[in-house]
Amino acid sequence: MKPIRERATNYGAVGATAHFDFTRFPPKGFEVVQRRSRIGHGRPRFDAAVAALRTWKVQRLAGIEVDVVGTEEGTVYRPVGFQDGEATRAASVEPQQDFGPDGEPFLQPGDSVDQRIRFLGIQFHGPMRVIAVEEEPNSHGVILGSLEGHPEAGEERFTVEIAEDETVFLHFRAIVRNAAWYAKLGAPVSKALRSRYHDRYMDVLRSIDVR
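So in full-length UniProt numbering, spot 1 of the sequence shown is number 1, and the numbers just go up one at a time.
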């Protein structure tokens, strides 16, 4: 199989989780997941949660091993955007490297990652790509899409948001279906396993340090 950086997504509705109406009209055959959790209060908590989101700590604290494959030096990636409710391609963006408070590099659109989990003593690989990063004054989002070789197909969108009263929330959206034969064969187990990790995502950002 191709190196992760060279693989295409294994689903067609790229950017679907960024659409405001995605729950009403999901791609055919995909399960829709939407969750929201309060993770703290105040701008320092928001900033710490954003840094954790951009450095893969959400996944790592949830028990997923992560190996990052960055974009190739000098390449240009065209992230997914929306205009008038329709998926578009935003202007090309030159690679830019930012860092978290611990000196860890922030993920960027176009980065790829090999996520690994163990179940019943077997290691499963889930390659993903950063489809888009959404930066606003009071919210920060990351969209991840599954790649060829992932046992599931679909997309995840993580958004950290701070409300007017400075309550901080994590929003999680996903569209997902089983792709590999063994995921289809064990569909109830696959669904229970991913639900477990979705639950963990809702909890982990409460545990990070606020400086």
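Ideal placement from N, C-alpha and C gives every residue a C-beta, glycine not left out.
Distance CB(residue i)-CB(residue j) smaller than 8 Å
i	j	result
Phe171	Glu164	Looking at the sequence provided, one finds His at residue 171 rather than Phe. Against a cut-off of 8 Å, the Cβ pair of Glu164 and His171 comes out as no contact.
Met128	Ser139	no
Val69	Val113	yes
Arg177	Phe30	yes
Arg36	Val142	no
Ala62	Arg206	no
Gly126	Gln108	no
Residue range of the beta strand (DSSP E) that includes residue i
i	result
Val176	167–178
Phe119	112–119
Leu144	139–146
Gln123	122–136
Arg24	Element bounds for Arg24: n/a, residue is neither H nor E.
Arg60	Careful: Arg60 lies outside any beta strand (DSSP E), inside the alpha helix (DSSP H) at 57–61.
Arg211	Neither: Arg211 is in no beta strand (DSSP E) and is coded neither H nor E.
Buried versus exposed, by CB contacts within 10 Å (16 or more), residue i
i	result
Glu73	A caution first: Glu73 carries a pLDDT of 48, below 50, which makes its placement in the model unreliable, though a value can still be read off. Counting Cβ neighbours within 10 Å, Glu73 comes out exposed, since fewer than 16 surround it.
Gly154	buried
Phe20	exposed
Glu65	exposed
Opening and closing residue of the alpha helix (DSSP H) in which residue i lies
i	result
Pro188	187–204
Asp47	43–54
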